[in-house]
Structures are given as C-alpha cells and as structure tokens.
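Q: Sequence order for the protein chains is A and B.
Just so you know, the working numbering puts 270 at position 270 of the first sequence, and the rest follows in order with no gaps.
To convert, count from 1 in the second sequence and add 1000; that's the working numbering.
Cβ coordinates follow ideal geometry from the N, Cα and C atoms, glycine included.
All figures in this text were calculated on a predicted structure; none of them were measured in a lab.
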Amino acid sequence: MDSLDSIREVFFQECDEQLNELETGLGLIQTGATLADTINAVFRAVHSIKGGAGIFGLDELVNFAHIFETTLDRIRRGELATSPQVIQVFLRAADILSDFVNAARTDGVYNLAKSKTVISELKHLTSTDPALATDERLDEVSAETGLLKLPYWHIIFKPFPSLYAKGNETMLLLRALERLGTLDVKIDVSNVPELQNLDPENTYLSWKIALFADCTEDIIRDVFEFVEGDCELQISWIEGDTKSDGTFEQPDIDMSKFELFTLPQQVEETSAAAAMSTNNADQNLPDQQTSKTDTTQHVNATIRVDLDRVDRMINLVGELVINEAMLSQRVIEAGIARTSSVAIALDELEHLTREIQDSVMAIRAQPVRSVFQRMPRLVREVAAQTNKQVRLLMDGETTEVDKTVIERISDPLTHMIRNAIDHGLESPEIRVAAGKPAEGTVRLVALHRSGRIVVEVSDDGAGINRARVKAKATENGLISSDATLTDEEIDNLIFLPGFSTASAVTDISGRGVGMDVVRRSVQALGGRISIASRPGKGSTFTLSLPLTLAVLDGMVVTAAGHTLIVPLGAILETLQPRERDIHALDHNIRVLAARGGYIPMIDVAMLLGYRHQAIDPTKSVALLVECESGTRAVLLYDTIQGQRQVVIKSLESNYRAVPGIAAATVMGDGRVALILDVDAIITSTRMATARLERPRIEQTLMEVS
Amino acid sequence: MTTTVLTVDDSRTMRDMLKYSLLEAGFRVLQAQDGLDGLEVLKTETPDVIVTDLNMPRLDGFGFIEALRRDVDRKSMPVLILTTEVDTEKKLRAKAAGATGWIVKPFDPVKLVDAIRRVAA
Chain A
1 MDSLDSIREV FFQECDEQLN ELETGLGLIQ TGATLADTIN AVFRAVHSIK GGAGIFGLDE
61 LVNFAHIFET TLDRIRRGEL ATSPQVIQVF LRAADILSDF VNAARTDGVY NLAKSKTVIS
121 ELKHLTSTDP ALATDERLDE VSAETGLLKL PYWHIIFKPF PSLYAKGNET MLLLRALERL
181 GTLDVKIDVS NVPELQNLDP ENTYLSWKIA LFADCTEDII RDVFEFVEGD CELQISWIEG
241 DTKSDGTFEQ PDIDMSKFEL FTLPQQVEET SAAAAMSTNN ADQNLPDQQT SKTDTTQHVN
301 ATIRVDLDRV DRMINLVGEL VINEAMLSQR VIEAGIARTS SVAIALDELE HLTREIQDSV
361 MAIRAQPVRS VFQRMPRLVR EVAAQTNKQV RLLMDGETTE VDKTVIERIS DPLTHMIRNA
421 IDHGLESPEI RVAAGKPAEG TVRLVALHRS GRIVVEVSDD GAGINRARVK AKATENGLIS
481 SDATLTDEEI DNLIFLPGFS TASAVTDISG RGVGMDVVRR SVQALGGRIS IASRPGKGST
541 FTLSLPLTLA VLDGMVVTAA GHTLIVPLGA ILETLQPRER DIHALDHNIR VLAARGGYIP
601 MIDVAMLLGY RHQAIDPTKS VALLVECESG TRAVLLYDTI QGQRQVVIKS LESNYRAVPG
661 IAAATVMGDG RVALILDVDA IITSTRMATA RLERPRIEQT LMEVS
Chain B
1001 MTTTVLTVDD SRTMRDMLKY SLLEAGFRVL QAQDGLDGLE VLKTETPDVI VTDLNMPRLD
1061 GFGFIEALRR DVDRKSMPVL ILTTEVDTEK KLRAKAAGAT GWIVKPFDPV KLVDAIRRVA
1121 A
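1. From what residue to what residue does the alpha helix (DSSP H) around K470/A run?
2. Could you work out which residue in G424/A, A343/A, T558/A, R391/A is closest to N706/A when comparing CA atoms only?
3. Per DSSP, which residues does M601/A bridge with? Please list them.
4. Taking Cβ positions, are K166/A and D222/A nearer each other than 8 Å?
5. Quick check on T1100/B - is its C-beta less than 8 Å from some C-beta in chain E?
6. Write down every uninterrupted run of the alpha helix (DSSP H) in the region 155-199 of chain A whose length is 4 residues or greater and which is fully enclosed by it, in chain order.
7. Buried or exposed: I303/A, going by 16 or more other Cβ atoms within 10 Å of its Cβ?
8. So what does A1032/B bridge to, in DSSP terms?
9. Please state if the CB of V442/A and the CB of L413/A are separated by a distance shorter than 8 Å.
10. Specify the secondary structure class of Q641/A as computed by DSSP and reduced to three states.
11. F541/A lies in the beta strand (DSSP E); which residues open and close that run?
12. From this set, L316/A, R520/A, E60/A, E429/A, which residue's C-alpha is nearest V109/A's C-alpha?
13. Mind checking L393/A: buried by the 16 CB within 10 Å criterion, or exposed?
14. Taking 8 Å as the CB-CB limit, is E14/A close to chain B?
15. Taking contact to mean at least 3 C-beta pairs separated by less than 8 Å, is the region 169-184 of chain A in contact with the region 209-218 of chain A?
16. For Y152/A, list the residues DSSP reports as bridge partners.
17. I want to see whether chain B comes within less than 8 Å of Y204/A, judged by CB atoms only; does it?
18. Quick check on this structure: which residue in V1072/B, T1003/B, L1082/B has the alpha carbon closest to the alpha carbon of R1010/B?
19. Measure the Cβ-Cβ separation of A93/A and V118/A and say whether it is below 8 Å.
20. Let me know if A713/A comes out buried or exposed under the rule of 16 or more other beta-carbons within 10 Å of its beta-carbon.
21. So, helix, strand or coil for V522/A, using DSSP?
22. With a cut-off of 8 Å, do at least 3 Cβ pairs link the region 323-340 of chain A to the region 655-668 of chain A?
23. Can you have a look at R1069/B and say buried or exposed, based on whether 16 or more other CB atoms are within 10 angstroms of its CB?
24. Within the 8 Å Cβ cut-off, does D1034/B reach chain A?
25. Among the candidates V46/A, I75/A, I55/A, R74/A, whose CA atom is the shortest distance from the CA of H66/A?
26. Quick one: list the residues of chain A neighbouring R1069/B, beta-carbon separation under 9 Å, in chain order.
27. Per DSSP, what kind of secondary structure is A662/A in: helix, strand or coil?
28. Looking at the structure shown, is T38/A part of a helix, part of a strand, or coil, going by DSSP?
29. Can you tell me which of the three DSSP states K436/A falls into?
30. Which residues in chain A sit within 7 Å of D1037/B, going by Cβ to Cβ distance?
31. Rounded to whole angstroms, what is the Cα-Cα separation between G1061/B and D1034/B?
32. Which full runs of the alpha helix (DSSP H) of 4+ residues lie inside the region 41-122 of chain A, going along the chain?
33. In or out: E178/A buried (at least 16 other Cβ within 10 Å) or exposed?
34. With distances taken from CA atoms, which of V185/A, T203/A, T182/A is nearest N191/A?
35. Answer yes if the region 352-360 of chain A comes into contact with the region 396-403 of chain A, meaning at least three C-beta pairs across the two stretches below 8 Å, and no otherwise.
36. Spatial neighbours of M702/A within its chain, please: C-beta separation below 8 Å, excluding the five flanking residues on both sides.
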C-alpha cells in the first residue's frame, strides 16, 4: 500500500463506493425518507471524495465537490428543503461528480462546460454569496506584515488549566518559539502555593519570554494558534532599553521572582506537573542559570564549509606528511644521531603531522545514517513488490566514515538489501511452513573494527542453496564439473562475474547486475566483501571498508631497483622460499609448497616488465597475499624496506591507468612509488594459468584457502 | 523513541494517505475507522498523538474526543482534528470538546508532520 499509485488506486475504488452511497442516499431522499442519517451519509460521500481528491491535486474535482458539499450542508442544517427540484439538481451534480472522477482516473481532461450549468444551479440553492464557495479556502494564507526592526519580542504567557486539559504542553510551545530565534525564558513561580494547597489540575506558573528574532507577530501568534483562549498571551515589541510602552510590565508579576532558564532541557521541568516541585525550585534555580551567550554558542556550533576547501586541505596535509617523511630521511642520511635534539624535534613534528592528518580526515567523516535512512523505504517497496513481510533492524547509524565512502556504499548496500529480501527471505507461507515467523528480518549493522568500517547485511531467510549455486556455476563454466569445493567456496561463487541463480531476472535484484558488480564497487573503494550462510538460518554479507580513501598502510618493497607498495591488508605472511618447496608446473609457472598446499608464485618485477629474467625465488623475499575472493598467491620481490603509511595519489588523474597498479605515492626521498593492485595481479595471472591448472592442483589450492 | 500516531478516519484513502505520510516521517501508525473503533484501539495502545476526522459514522470526532477527555488515563493525550475547510465554528466546537489542535485538509505532508511535532511531547 505504500506506493502513491496504489493509494491512488484505493482512492478511486473508494470513490466508486462513495458514488454508490451518494446515489443510494439521493434515491432514498427522493422517496421522501429524509432521515438525518441519510443526509449525513450523502454529505459524507461527497466530503470523502473531496478530501481524497485534494491529496492528489485534482483541483477541478475538489472545487466541484466543494460547491456540491456546501449546498448539501444547507440541507443538513435544515436551511434548505429537499424538494423534488432540489433532488434533481443533486442527482445531476452526482453524475457530474462521477464524470469528474472518471476523467481523473483515466488522466483525461473533463469538459468544464458541462459542469457549469450544474454549478450555477447549486449556487442558486445557496442563498449566501456563491463566490464564497470557491474563495474561502484562500483565506488560510494570512497576509504577512513587514519585518519589524525592534530588538526583541516580549511575550507573557499564562496557561489556563484548559490548555493542559486539551493535551497542549507549554514545553512544546517554548520549543516552537525557540525555532524562531534566541530565547530568554523566565518563569514566575510566585503563585505556586504550599504543597498541601496545590491542586494538580490547576496552573500556577507563568512565563516571561524575550524572543530575539526577525519575525512578525503573526508568526509568533501562529505558535500559540492551538492554545488561543486557553491562556493569557501578551506579545509586544521592546525597542532597546526604551520601555515607553508599559503594557508588558505586569504589576501582578514580581520580577524578582523570575529566574533565568535555558532551553530545552530545563523547560521540560516547567510543565504543569512540575509546578508541584517548585517548593524546591528556589534553591535549584540559581544553579541552572546560564547566560544567553551559551545558547548562541550552541547555535553556532557547526559551520558549513565548501567541500573543495576541505579536500584542498587534505591534499596539503598529505603533502605535509610526505615532506615530513622526506625531512626525517634526510636527517638520517646526514648521519645525525637519533638522540640528537634535531631528531627528537623531528619525532615531535611527526606526531603532530599525524594528528593534523587525523583531524583533517575527521572533518570529512560523517555518520552512515544518511545512507541507512533511505533503507526503510527501500525495504517497504521491495517487500511490497515481492509480497514478503519484512522487518528491518538497523544498528550503528552513528558510525562515522569518510564522506566519499558513504556516497559510494549507497549503491552496493541498496543492492545487497534488495538481494537479501528477494533471494534471501522466503515467502510468508514457506516461512510459516518452516516454523519461522511469517515476517522475515533483515539486519543492517555498521561498526568500526580495526581501523575499518564494517557493514553487515543479514537475513533470517533460507540461506544459500549450495547445490543450486554449484550446478549453476558448472553450467556457466565457472568451475569444472568434478571440482571439490568447500561450502565457503561455493557461497563465494555468487561473487563471480556472470553468475546469477535467479531463473527469471526480476527487476528487483536483477537490474542486469549481480553480486560481482557489488564486489567490484566495494573493491574499488579498497574494501572487501564476504558471505557467511547457514542453510535454513539465513545469510550474512559482510562489507569491510577503509575509513578513508586518502591514506593506506603499505609494505614498501624493492623489485629490480623499483620501489613498490603492497597494501598491508592483502599480506598474510612473509616467506623465505626454500629450494625443496618450489615446484615447476611448466617453464613459466612455479608453485610454492606452503601452508599445506601449493600456491602459485608471481615475479612482480617480471610481470611489470622491469626485467625479463625470472628471479631465483630462494634469493628473493616472498609475500603471501590474498585477494578479496580468498585466492592466494606468492609475490616475489628483491627486498623489503619496511612498513609505512602512504598518501594515495591517483595515477589515473596524473598519468593514466596502468593494469596491476592501483595508485601511486610520493616517498620520503621524493621519488614516486607505485601501489600494487594485488587483486588485479592475481586475477590476471590466474587467467593466464587457468587452462594449465590440473584438477588435482585446483583441489589442493582450494583446500588451502 | 518512535512517536506513535493513531489516525481515526472513515475514508480508507485518507487513512492510507495519512499512513503513507506518517511512515515517511518515521512515525509508527495505528489506524481506526471511526470514533468507536478508535476507543477500542486505545484500550490496548497508548499513542503519542491522535489525528481524527470529525465527520464519521457511529461515533464522530467530537464524541470521540469527549469520550477520551473523560478517561482519566488518556485525558491529556494530544488530539488533532482534520477539517476540510477553515470552518471556524467546527474548530471551536472541536476545541470545546477538548481537541488540542487542527490540521486543514487537504493536508500538506510537511504541515501534517509539523502539526504533530507541535503537540507530541
């Protein structure tokens, strides 16, 4: 029922019912049965159609119904008799109303000329000014008077018991006033009697308010619109210190009894019920005194800054980090002792630089709420489209992450949630049959974990149908038919390009993209995605993303004289290959026996074209790396220089995209170092060697991972 | 904490439209078809705000508000009435019956939510 279209549908259904009711009612009246109930029913039918039409902006229908209704109202009030002539007019009006509804239903244009005669007949029946019928609604908008230039509004407000009896609340009125400007609120407690004489239904408090705002009196009166007549209200302008107009100086209010309150917390204590506690108020009040400047500061606690400015600053801080690193390196190269005052001062500078960097990054950090907020609506829509009952639970909306990351996780997250409802959750009937509640649950959780943000999307659906996934992957040629895969590996097959288990592509999670697109967009952010599934219990997709896209923890290595950075997140282990662990599959593929399996070795320098003669693995340093899909490889380098946080500089915007290279950075010595794209390297090597891999090897590889 | 709103209206279009707008604004929504139905809902639920139509079969909005104000446990519950036109007489009658405020139909979703926030603690 949530989409506007379906509400529109309901509206027209209801119009049909109301038109029937109208017809029946008029028929009854025609036979002489002028019961009040019948007239009311007729009036209500027209009234309801008008109300609904107003929502959908069907102005002509509304205008006509309004005129019709006004005339019917006269019958209801007994001001007009139900003569046969009158009933005839009403029956014709009912027909016109029906025509209007039909025209609106088919988005057609109704010929207004036809309604004109009936309108004039109806208006003829209402002796009062016919123009009123259409014009009175315009009166709602009150004319605004010009802005007054006086320093503040002085408001005296004394609620009567009837104000609270009708469910109004002083606190809310004060809050509404606070939205207009800055408030100074003083409460008069002088009329509060001793506790034994206090009538809880009575009101004893009054408020004296100074409102510093550029608004008209009408706007202030609007705030008190609902309580008109239920309170004493005086509003006046005070110009500076001139109190020429003494109307607000109430002789019955002793100013010395007023105490300063600040909004909004304390005001909650000042509702009618709180009057009871005012015996103690005199002692408590001085503690709660706060100067107006506090309120002002609170209002100014945030500033809006152009994002470009922040980004420029982040860039500059990045340069600062690089410069600081260069300076440190020069100092070391100059042979200055680490204990010297220069080196110690440099250490302090490094700390400071890191702190500046973190603080600047924090400016860009935002809570993930902005993305999470869109999800309840998405869930309702997808649930309606799939005829499933879904409850969405969200947690960790306040978790902060870089703005760019937030912007770019919206799409993958939307897709994952659609997927969880469309593919994860079962239909209510199947759920009930499986002993689960008819309503499925989708959980969306964000949290910080070891310097990354983790977003989990889980459902309590059927879990991954592994038999079907494996069959599909075999059918699509993604795995060989006799491949032995672990449950986890089967689950991860859904992330492969060209994989989709939905026999018919639905427009819900379909949209021509699969989980491989989700994984790719997540990887493009330096993130990882994984799935855990339990048959019959549901699946959990876990997204792990860096908090920022501007810096990276990397391992600095050397390959054929070139300095390269390997993202630390991809490295599992550093190895020293031994001769007996190295096995050649053919002349250019070698595997290393490690961790109980065989892992292909990749000579990075050769892959990047730095040299053409393969390095001797026993003389190299080997890094065991793992890509997002869990596939592992051993990357060979000449030496390891150390671990370092580097500032990411786009290679694409400064040069061009290079396969196997994710980005670049500037090192301490001022030279550019390339940051490896481990995933791309593993994928390209695997594709080149895939056809050579024998099932036995594949099997052992899988066992390793 | 989620604000719960009880809507009382005999028109399904209006109920659905209110529900749509209120859910969009993040409220929890309860529905009743007329005054009697509304009183029935109030036996088990404690909404933060009630939005009621005036013209309804069985028990109209005035009767509903009066009944509510007689109930010791619910007499201070904020009740907003829905009026189609700016009918001062109807507004005054509703106020006399104990209505907290009003919403003018056809309502603008923003104004609707605004009116609810004005009276919801």
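A: Concretely, from the data shown:
1. Mapped onto the first sequence, residue 470/A falls at position 470. 466-475 is the span of the alpha helix (DSSP H), which, as asked, contains K470/A.
2. It is not possible to answer for residue 706/A, since the shown part of chain A is limited to 1 through 705.
3. Locating residue 601/A in the first sequence gives position 601, counting from the first residue. In the DSSP output, where bridge partners are listed per residue, M601/A has V634/A.
4. Looking up residue 166/A in the first sequence gives position 166. Looking up residue 222/A in the first sequence gives position 222. No. Outside cutoff.
5. Reference to chain E is not applicable here, since the protein chains of this structure are A and B.
6. 161-165, 170-178
7. On the first sequence, residue 303/A is found 303 positions in, with the first residue counted as 1. Looking at its Cβ environment, which holds fewer than 16 other Cβ atoms inside 10 Å, I303/A is exposed.
8. Working through the second sequence from its first residue, we reach residue 1032/B at position 32. For A1032/B, which the question treats as bridged, DSSP gives the partners V1008/B.
9. Taking the first residue of the first sequence as 1, we reach residue 413/A at position 413. Taking the first residue of the first sequence as 1, we reach residue 442/A at position 442. Their beta carbons are not under 8 Å apart, which means L413/A does not touch V442/A by this criterion.
10. Taking the first sequence and counting its residues from 1, the one referred to as residue 641/A is at position 641. Under the three-state reduction of DSSP, Q641/A is assigned to strand.
11. Position 541 of the first sequence, counting from 1, holds the residue named residue 541/A. Note, F541/A: beta strand (DSSP E), 538-546.
12. Residue 109/A sits at position 109 when you count from the first residue of the first sequence. It is E60/A whose Cα lies nearest to the Cα of V109/A.
13. The residue you call residue 393/A lines up with position 393 of the first sequence. Under this definition L393/A is an exposed residue.
14. Position 14 of the first sequence, counted from the start, is the residue given in the question as residue 14/A. It does: the Cβ of E14/A has a partner Cβ on chain B nearer than 8 Å.
15. yes
16. On the first sequence, residue 152/A is found 152 positions in, with the first residue counted as 1. Note: Y152/A sits in a beta bridge opposite I238/A.
17. One-based indexing of the first sequence puts residue 204/A at position 204. No - not a single Cβ of chain B is within 8 Å of the one on Y204/A.
18. Residue numbering aside, residue 1010/B sits at position 10 when the second sequence is read from its first letter. The sequence shown places Asp at residue 1010/B, rather than the Arg named in the question. It is L1082/B whose Cα lies nearest to the Cα of D1010/B.
19. In the first sequence, counting from the first residue as 1, residue 93/A sits at position 93. In the first sequence, counting from the first residue as 1, residue 118/A sits at position 118. Against a cut-off of 8 Å, the Cβ pair of V118/A and A93/A comes out as a contact.
20. Look at the range of chain A in this structure, 1 to 705, and you will see that residue 713/A is not part of it.
21. Reading the first sequence from its first residue, position 522 is the one you call residue 522/A. Note: V522/A maps to helix in three-state DSSP.
22. yes
23. On the second sequence, position 69 is the one that residue 1069/B refers to. Buried.
24. To locate residue 1034/B, count along the second sequence from 1; it is residue 34. Interface annotation, D1034/B: not in contact with chain A, CB-CB separation never under 8 Å.
25. Taking the first residue of the first sequence as position 1, residue 66/A is located at position 66. Among V46/A, I75/A, I55/A, R74/A, the Cα nearest to that of H66/A belongs to V46/A.
26. As a first step, residue 1069/B is located in the second sequence; it is residue number 69 there, counting from the start. Near R1069/B (Cβ distances below 9 Å), the residues of chain A are A165, K166, G167.
27. Stepping through the first sequence from its first residue, residue 662/A is reached at position 662. Residue state, collapsed to three classes: strand.
28. Taking the first residue of the first sequence as position 1, residue 38/A is located at position 38. Looking at T38/A - three-state DSSP - the assignment turns out to be helix.
29. Position 436 of the first sequence, counted from the first residue, corresponds to residue 436/A. Of the three classes helix, strand and coil, the one that applies to K436/A here is coil, per DSSP.
30. Translated into the one-based positions of the second sequence, residue 1037/B becomes position 37. Simply none; closest approach about 16 Å.
31. Working through the second sequence from its first residue, we reach residue 1061/B at position 61. Working through the second sequence from its first residue, we reach residue 1034/B at position 34. If I take the Cα positions, the gap works out to 8 Å.
32. 59-76, 84-105
33. As a position in the first sequence, residue 178/A is number 178, starting the count at 1. It counts as buried.
34. Taking the first residue of the first sequence as 1, we reach residue 191/A at position 191. Nearest C-alpha to N191/A among V185/A, T203/A, T182/A: T203/A.
35. In short, these stretches do not touch, since the Cβ pair count stays below three.
36. Along the first sequence, one-based indexing puts residue 702/A at 702. Note that M702/A scores 43 on pLDDT, short of 50, meaning its location in the model is unreliable; the coordinates nonetheless yield the value given after this. Apart from sequence neighbours up to five positions away, the residues of its chain that approach M702/A with a beta-carbon distance below 8 Å are A483, T484, L485, T486, E489, ordered along the chain.
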